[in-house]
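Chains as they are written, first to last, in this note's numbering: chain A, 1 to 217; chain X, 218 to 454.
Reviewing the structure listed below.
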Amino acid sequence: MDFLLHPANWDLTDPSSIPYLFLDHLYITGLTLLIGLLIAFPTAFLVVRYTRLNLPVQTTASFLYTIPSFAFLGFMISITGFSLATILVPLIAYAQVVLIRNIVAAVRAVDPTLVEVGRAMGMNPFQLQRRVVLPLALPIIVAGIRVVAVTTIGIATLGPYVGTQNLGTLIYDGIYLGRNSEIIAGAILITALAVTVDLLLVGVQRLLNRGGQVALA
Amino acid sequence: MINQLQEMLRFIQDPANQFALRTQQTLLLSITPILLSMLIAIPLGILVARRPVAAFLATMLSGLGRAIPVLVLLVVMVVAGVGIGFKPAVIALTLLGIPPILLNTIEGIRSIDPAVVDAARGMGMTQRQILGRIQIPLMLPVLAAGVRTAAVQIVATSPLAAIIGAGGYGEYILAGLSNLADHTELLVGATSVALLALATEFGLAALQRAVTPAGVRTEPPAEGQAEATPVEEPLAA
Numbered sequence: 001m002d003f004l005l006h007p008a009n010w011d012l013t014d015p016s017s018i019p020y021l022f023l024d025h026l027y028i029t030g031l032t033l034l035i036g037l038l039i040a041f042p043t044a045f046l047v048v049r050y051t052r053l054n055l056p057v058q059t060t061a062s063f064l065y066t067i068p069s070f071a072f073l074g075f076m077i078s079i080t081g082f083s084l085a086t087i088l089v090p091l092i093a094y095a096q097v098v099l100i101r102n103i104v105a106a107v108r109a110v111d112p113t114l115v116e117v118g119r120a121m122g123m124n125p126f127q128l129q130r131r132v133v134l135p136l137a138l139p140i141i142v143a144g145i146r147v148v149a150v151t152t153i154g155i156a157t158l159g160p161y162v163g164t165q166n167l168g169t170l171i172y173d174g175i176y177l178g179r180n181s182e183i184i185a186g187a188i189l190i191t192a193l194a195v196t197v198d199l200l201l202v203g204v205q206r207l208l209n210r211g212g213q214v215a216l217a
Numbered sequence: 218m219i220n221q222l223q224e225m226l227r228f229i230q231d232p233a234n235q236f237a238l239r240t241q242q243t244l245l246l247s248i249t250p251i252l253l254s255m256l257i258a259i260p261l262g263i264l265v266a267r268r269p270v271a272a273f274l275a276t277m278l279s280g281l282g283r284a285i286p287v288l289v290l291l292v293v294m295v296v297a298g299v300g301i302g303f304k305p306a307v308i309a310l311t312l313l314g315i316p317p318i319l320l321n322t323i324e325g326i327r328s329i330d331p332a333v334v335d336a337a338r339g340m341g342m343t344q345r346q347i348l349g350r351i352q353i354p355l356m357l358p359v360l361a362a363g364v365r366t367a368a369v370q371i372v373a374t375s376p377l378a379a380i381i382g383a384g385g386y387g388e389y390i391l392a393g394l395s396n397l398a399d400h401t402e403l404l405v406g407a408t409s410v411a412l413l414a415l416a417t418e419f420g421l422a423a424l425q426r427a428v429t430p431a432g433v434r435t436e437p438p439a440e441g442q443a444e445a446t447p448v449e450e451p452l453a454a
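Below is the structure:
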């Protein structure tokens, strides 16, 4: 506990103090989700539109997901060295299987009658996606985002092994220097972050679900 | 590329690199936690499945437990005084394997339609026959799915155990990370780990299909049709 509570570790002038490590962790998680979604959305819509793509896309995503994180990082190091891409590429790759599968399932679950109603009201294809399909699909998509966020926070802790600092640095340094209090600080902060994000997104899911039921009634 | 492969083969064949020992360590680090988590989670699941409060608690704790990153589980063992090496790694990996098996045992038992059990009883089956011919065959596919998730997770995570000194292929990756001039050791570790994980995934997927009774086997989705089940729980990583 003494490491976690020591004022020197919260010093804002030190770029490797706990607040910065925390922000680094949020940054890598946010960036993974952002780029992950930017890839997953168009891919998933293509899969929904052209069902023949489904099998190759899902198989590729599942295959990438099966590669253990430590092995993936090892392969990446031999290509990108100690750069941010080394940790970011595996995280984004892992996110795809869940994001694509959930977006596809969510969009397919939208009642075609409602899309028909939207079209009859004079909506153009973009408005149909934006105002009918997306709101109805959102709860399932958020469920996927939640799984990805928690997984990403966990795997990102390996960052310091490939040269990217975040809360995992506390564990890495703690092991390297044999400082148990630092390891404990890292373990507490990482777990707290993962559990908080998990619960927050459960809350968002609940809110959206209620909205969905209201809209359907 | 070819050169790199030759280097890797030479690395594996060099007795100084102890490839056989690392393989043995990796297998032990994977199989022991898989068996232990089955031994703990299956009886526990059977015990709590029909008790709503206990089942709710087990489900909730398992869900929260999944949010704890594996690296945290591993290092907490060390700090908690279990020490370093094989033992703390096995405990951490067992803890990792329990939630998916526990959840699927509960789910498997609950998914059995009471009407089917009633029908069996109506046909004059004894309690023993109902268990052996109806309940176990019906829950086995769900349970097998849980074991597969747990096993793939454990195999995929076992290289991280090298961080707390448990040996295995992870040692090659760890050592390789501090020798960036030559990628051979790193690539040997990463390739071995990846191949083992893929073999586990495909082997257990086949096993899962084998234990699914023909009557409850769902038709494989038609060519190109999307699998429509969204993901609500972490998949095997």
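Positions of the beta carbon are idealized from the N, C-alpha and C atoms, including for glycine.
In this text the structure is predicted, and so the values were computed from the model without any measurement.
Check	Outcome
Grouping DSSP H, G and I as helix and E and B as strand, with all else coil, what is Q165(A)?	coil
Within its chain, find whatever has a CB closer than 8 Å to the CB of V334(X); leave out the 5 residues flanking it on each side and keep chain order.	I347, I351, Q352
Check whether the Cβ atoms of V410(X) and P68(A) sit closer than 8 Å, and answer yes or no.	yes
Please determine, among D14(A), L53(A), L201(A), Y172(A), the residue with the shortest C-alpha to C-alpha distance to V293(X).	Y172(A)
Report the three-state DSSP secondary structure of A398(X) (helix, strand or coil).	coil
Could you pull out every residue in the same chain whose Cβ sits closer than 6 Å to the Cβ of D14(A), ignoring the five residues on either side in sequence?	none
Under 8 Å: do the stretch 393-408 of chain X and the stretch 71-85 of chain A share three or more Cβ pairs, one atom per stretch?	yes
On the DSSP letters alone, give me the boundaries of the alpha helix (DSSP H) that H6(A) sits inside.	No alpha helix (DSSP H) contains H6(A), which DSSP labels as neither H nor E.
Mind checking which residues open and close the alpha helix (DSSP H) that includes N321(X)?	303-327
Out of curiosity, what's the CA-to-CA distance linking A384(X) and Q242(X)?	The residue asked about is misnamed: residue 384(X) is Gly in this sequence, not Ala. Using only the alpha carbons, I get a separation of about 6 Å.
Select from the stretch 133-155 of chain A all residues with a C-beta closer than 8 Å to any C-beta belonging to chain X, and list them in chain order.	I140, A143, G144, V147, V150, T151, I153, G154, I155
With a cut-off of 8 Å, does the C-beta of G387(X) fall near any C-beta of chain A?	yes
What are the start and end residues of the alpha helix (DSSP H) that includes V142(A)?	134-156
Assuming V148(A) and A95(A) make a contact with CB atoms under 8 Å, what is their CB distance in whole Å?	5 Å
Just mark Q223(X) as buried or exposed, buried being the case when its beta carbon has 16 or more other beta carbons within 10 Å.	exposed
Let me make sure I understand the geometry here. Which of A185(A), V197(A), R101(A) has the alpha-carbon closest to that of T59(A)?	R101(A)
Can you pull the chain A neighbours of P376(X), defined as C-beta to C-beta under 8 Å?	P68, F70, A71
Can you round the beta-carbon distance between V372(X) and T311(X) to whole angstroms, since I take them to be within the 8 Å contact cut?	Going by Cβ atoms, the distance from V372(X) to T311(X) rounds to 13 Å, so no, they are not a contact pair.
How do the stretch 189-201 of chain A and the stretch 149-163 of chain A stand: do at least 3 beta-carbon pairs fall below 8 Å, yes or no?	yes
According to DSSP, is T276(X) part of a helix, a strand, or is it coil?	helix
Measure how close the beta-carbons of G325(X) and M356(X) come, nearest whole angstrom, since I'm counting them as under 8 Å.	3 Å
Does any residue of chain X have a CB that is nearer than 8 Å to the CB of S78(A)?	yes
Where does A383(X) sit, in a helix, a strand or coil, going by DSSP?	coil
Below 8 Å between beta carbons: does that hold for L291(X) and A306(X)?	yes
Between N166(A) and H6(A), which are expected to be in contact by the criterion C-beta below 8 Å, what is the C-beta distance as a whole number of angstroms?	Going by Cβ atoms, the distance from N166(A) to H6(A) rounds to 19 Å, so no, they are not a contact pair.
Ends of the alpha helix (DSSP H) at Q370(X)?	353-374
Secondary structure at T408(X), three-state DSSP: helix, strand or coil?	helix
On the CB-based measure, 16 or more other CB atoms within 10 Å of its CB, does N224(A) come out buried or exposed?	The structure shown does not extend to residue 224(A), since chain A spans only 1 to 217, so no value can be given for it.
Could you check what DSSP says for Y50(A) in three-state terms: helix, strand or coil?	coil
Which residue comes first and which comes last in the alpha helix (DSSP H) that contains N124(A)?	Segment: none, N124(A) is in no alpha helix (DSSP H) and carries neither H nor E.
Buried or exposed for Q127(A), going by 16 or more other Cβ atoms inside 10 Å?	exposed
Measure the C-alpha to C-alpha separation of I183(A) and R108(A) and round it to an integer number of angstroms.	45 Å
Output the distance between the C-alpha atoms of R179(A) and G300(X), rounded to the nearest integer angstrom.	14 Å
Are the beta-carbon atoms of I28(A) and I92(A) separated by less than 8 Å?	no
Here's a check: name, in chain order, each residue in its chain whose Cβ is nearer than 6 Å to the Cβ of G363(X), leaving out the five neighbours to either side.	P317, I318, N321
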